[in-house]
Amino acid sequence: MAALVQVEQVHKSFALGTTQVHALRGISLQVHVGEFMAVVGASGSGKSTLLNMIGCLDEPDQGRVLLGGQDVSHLSDRERSQLRNRKIGFIFQSFNLVPVLSVAENVELPLLLHKELEQKARAARVAQALADVDLTDFAVQWPDKLSGGQRQRVAIARALVTQPDLVLADEPTANLDSETTQRLVELMADLNKKRGVTFVFSTHDEKLMGRVDRLVRIRDGQEVA
Ligand code: ADP
Ligand code: MG
Numbered sequence: 000m001a002a003l004v005q006v007e008q009v010h011k012s013f014a015l016g017t018t019q020v021h022a023l024r025g026i027s028l029q030v031h032v033g034e035f036m037a038v039v040g041a042s043g044s045g046k047s048t049l050l051n052m053i054g055c056l057d058e059p060d061q062g063r064v065l066l067g068g069q070d071v072s073h074l075s076d077r078e079r080s081q082l083r084n085r086k087i088g089f090i091f092q093s094f095n096l097v098p099v100l101s102v103a104e105n106v107e108l109p110l111l112l113h114k115e116l117e118q119k120a121r122a123a124r125v126a127q128a129l130a131d132v133d134l135t136d137f138a139v140q141w142p143d144k145l146s147g148g149q150r151q152r153v154a155i156a157r158a159l160v161t162q163p164d165l166v167l168a169d170e171p172t173a174n175l176d177s178e179t180t181q182r183l184v185e186l187m188a189d190l191n192k193k194r195g196v197t198f199v200f201s202t203h204d205e206k207l208m209g210r211v212d213r214l215v216r217i218r219d220g221q222e223v224a
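Written as structure tokens, this is what we have:
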């Protein structure tokens, strides 16, 4: 079966003053449907840059990224945001919830672009996503009333609600204590097993590595064996 994600020889640099920072130096990898995979590396190794490429938040200078066989390296902004909204769920280190929306409204947000879904269908999706992360009782709560672990579960629900092919999580546990971190990773592993959600998350936390199907280690923008 073709890989869900193919990253081929991707390079990415950023201008920093008069110098260039080489964030990715010809990295290649594949992610298969149903995998629970971690990208592990020290701070500055290129994890976020890599996930941003896969998640169509940014584009490579050289090389290609394919999603389900489609080259997504150089799409227009519009194509890129449509693809993100339909195919990819993204979970950020800092949760990125909208403070003036309730938990349920935050989860519903990406569905508002799915014009084919009526209000009732949206509500059913939101209810299911909240149940999946065990937050049914918090639907009408404001995000800032929740703990960090609960907020990140809202972000997971928001990522899942569109039923994406792929969920990317960029250091989702970096702002959580170790017990909450363990529970969050268990939850992601569970959603992977029970719902078949393909997960790629980045971490610099060695303790999480035993939980995953596959580990890709990166250093200085390249995979290390
Ligand atoms: P990680 O997520 O593993 O900490 P990043 O992908 O954020 O690593 O960063 C890789 C390298 O690229 C670092 O040296 C970082 O400073 C640099 N970098 C990332 N994004 C930018 C940017 N927008 N502008 C300048 N440098 C950047
Ligand atoms: Mg990062």
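Numbering (numbering that gives the first Met the number 0), first residue to last: 0 to 224.
Beta carbons: idealized from backbone N, C-alpha and C, even for Gly.
Since this is a predicted model, take the numbers as computed values, not measurements.
* Are the Cβ atoms of Gln92 and Ala224 separated by less than 8 Å? -> Reading the sequence shown from its first residue, position 93 is the one you call residue 92. Reading the sequence shown from its first residue, position 225 is the one you call residue 224. Their beta carbons are not under 8 Å apart, which means Gln92 does not touch Ala224 by this criterion.
* What is the DSSP secondary structure of Ala154, counted as helix, strand or coil? -> Residue numbering aside, residue 154 sits at position 155 when the sequence shown is read from its first letter. Ala154 falls in the helix class under three-state DSSP.
* Name the residue from Glu78, Glu222, Glu34 whose alpha carbon lies nearest to the alpha carbon of Val196. => Here the question's residue 196 lines up with position 197 in the sequence shown. Val196 has its Cα closest to that of Glu34, out of Glu78, Glu222, Glu34.
* Asked: Does the count of Cβ pairs from the segment 103-112 and the segment 141-161 closer than 8 Å reach three?
  -> yes
* **Distance cut 6 Å, beta-carbon to the ligand ADP heavy atom: residue list by chain order** => Phe13, Leu15, Val20, Ala22, Gly40, Ser42, Gly43, Ser44, Gly45, Lys46, Ser47, Thr48
* Val211 versus Asp133, Lys192, Glu222, Lys11, residue with shortest Cα-Cα distance -> To locate residue 211, count along the sequence shown from 1; it is residue 212. Nearest option by C-alpha distance: Lys192.
* **Residues near Leu65 by beta carbon distance below 6 Å, same chain, minus five either side** => Translated into positions along the sequence shown, residue 65 becomes position 66. Once the five neighbours on either side are set aside, the close Cβ partners of Leu65 are Gln5.
* **Alpha carbon of Pro59 to alpha carbon of Leu50, nearest angstrom** => In the sequence shown, the residue the question calls residue 59 occupies position 60. In the sequence shown, the residue the question calls residue 50 occupies position 51. About 11 Å.
* To do: Would you mind stating whether Leu3 and Leu190 have Cβ atoms separated by less than 8 Å?
  => The residue labelled residue 3 in the question sits at position 4 within the sequence shown. The residue labelled residue 190 in the question sits at position 191 within the sequence shown. No.
* Considering only the beta carbon of each residue, do Gly98 and Asp143 sit closer than 8 Å? -> In the sequence shown, the residue the question calls residue 98 occupies position 99. In the sequence shown, the residue the question calls residue 143 occupies position 144. Reading the sequence as shown, one finds Pro at residue 98 and not Gly. Going by C-beta atoms, Pro98 is nearer than 8 Å to Asp143.
* **Residue range of the unbroken alpha helix (DSSP H) whose run includes Met187** => To locate residue 187, count along the sequence shown from 1; it is residue 188. 177-194 is the extent of the alpha helix (DSSP H) around Met187.
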